[in-house]
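Below you'll find the structure, written out as structure tokens, and then a few comments.
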DNA sequence: TTGCATTTACGAATTCTTTCGTAGATTTGA
DNA sequence: TCAAATCTACGAAAGAATTCGTAAATGCAA
């Protein structure tokens, strides 16, 4: 159900690019120390788990993510808030904002979002 | 170096309570399906890794976290932003705010924090 | 004191994840 | 056509992480 770390990296690529062959994912990840067949195997396992679908009509299979991006991200986020931040969303948010150089534009975006939330 | 998920749960308890025997941690976690000796073993491993220190002067050993809470949380946060949110802090923040019932007080706290960041 | 409960130590089993070698199929282009 | 390149399938090894059984030590209470 919950993707592993490696699976997440692959999903990342699939979510971004939409459809990919194994080779495309392999190249996008660009991991030295990891061979092609490793990525292939992972993607086959993901297929068994129905995390991805694939088109096998041509020799080169084309994979597509089959789980929802936002839902999956949320799953990780919740787990993290729980096990790392003891359930405190605001602590996570503040640490995230504090420890990363976030641009003024991004900060404004977040502010707008906050206002929107409050008036709702 | 980087704690595993189980180790994180234990650290959580230690950070909150300060000092704990294995039994205290075991009870705080309150996991059905996981026996006492499992937690004990995990904490012994954490000791080997020097994630925790322990006082063995009495029969019941007393454990204390030996790694920095904020630093460790950040490590997880960064990893997450990277592998789950494709490097976008603001997307993580907005999703965190959107999908959890966060109180008005918390939201205000975050707003203040944002203002503070901008005028800095 | 003696035995019961609690605790630690430790090895080993189990499960999950990642890794890759190899074999066989398919495509391509010389 | 056939050889090289590319791809999939698959098993199995290696590595992490988790789990617990059992034995031995310790402390406590009757």
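Chains as they are written, first to last, in the working numbering: chain A, 1 to 120; chain B, 1001 to 1120.
Cβ coordinates follow ideal geometry from the N, Cα and C atoms, glycine included.
Item to check | Of the residues B:1073, B:1058 and B:1108, the one placed nearest residue 1008 (chain B), counting alpha carbons only | outcome: B:1073
Next on the checklist: Counting only Cβ-Cβ distances shorter than 9 Å, please list the residues of the region 43 to 77 of chain A near chain B, keeping chain order.
Outcome noted: 70, 72, 73, 74, 76 and 77
Checklist entry - Relative to the C-alpha of residue 1051 (chain B), which residue among B:1068, B:1095, B:1033 and B:1037 is closest? => result B:1068
Checklist entry - What residues in its chain sit with their C-beta under 8 Å from that of residue 17 (chain A), if we drop five residues either side in the sequence? => result 24 and 28
Checklist entry - If you count every other CB in all the chains shown that lies within 10 Å of the CB of residue 1085 (chain B), and 16 or more means buried, which is it? => result buried
Next on the checklist: If you reduce the DSSP assignment to three classes, tell me which class residue 64 (chain A) lands in.
Outcome noted: strand
Next on the checklist: Could you check whether the region 95 to 108 of chain A touches the region 36 to 49 of chain A, counting it as contact only if at least three pairs of C-beta atoms, one from each stretch, sit closer than 8 Å?
Outcome noted: no
Item to check | Three-state secondary structure (DSSP) of residue 1119 (chain B) | outcome: coil
Checklist entry - Expressed to the nearest angstrom, what Euclidean distance is found between the alpha-carbon atoms of residue 1054 (chain B) and residue 1010 (chain B)? => result 14 Å
Next on the checklist: My output table needs one value for residue 1053 (chain B): the three-state DSSP class, helix, strand or coil.
Outcome noted: strand
Item to check | Spatial distance of residue 57 (chain A) from residue 108 (chain A) (CA atoms) | outcome: 47 Å
Next on the checklist: Since residue 1062 (chain B) and residue 1020 (chain B) should fall inside the 8 Å C-beta cutoff, what is the C-beta to C-beta distance between them, to a whole number of angstroms?
Outcome noted: 7 Å
Next on the checklist: Under DSSP, the alpha helix (DSSP H) around residue 32 (chain A) begins and ends at which residues?
Outcome noted: Taken as a continuous stretch (DSSP letters only), residue 32 (chain A) belongs to no alpha helix (DSSP H), as it is neither H nor E.
Item to check | Bridge partner(s) assigned by DSSP for residue 19 (chain A) | outcome: A:64
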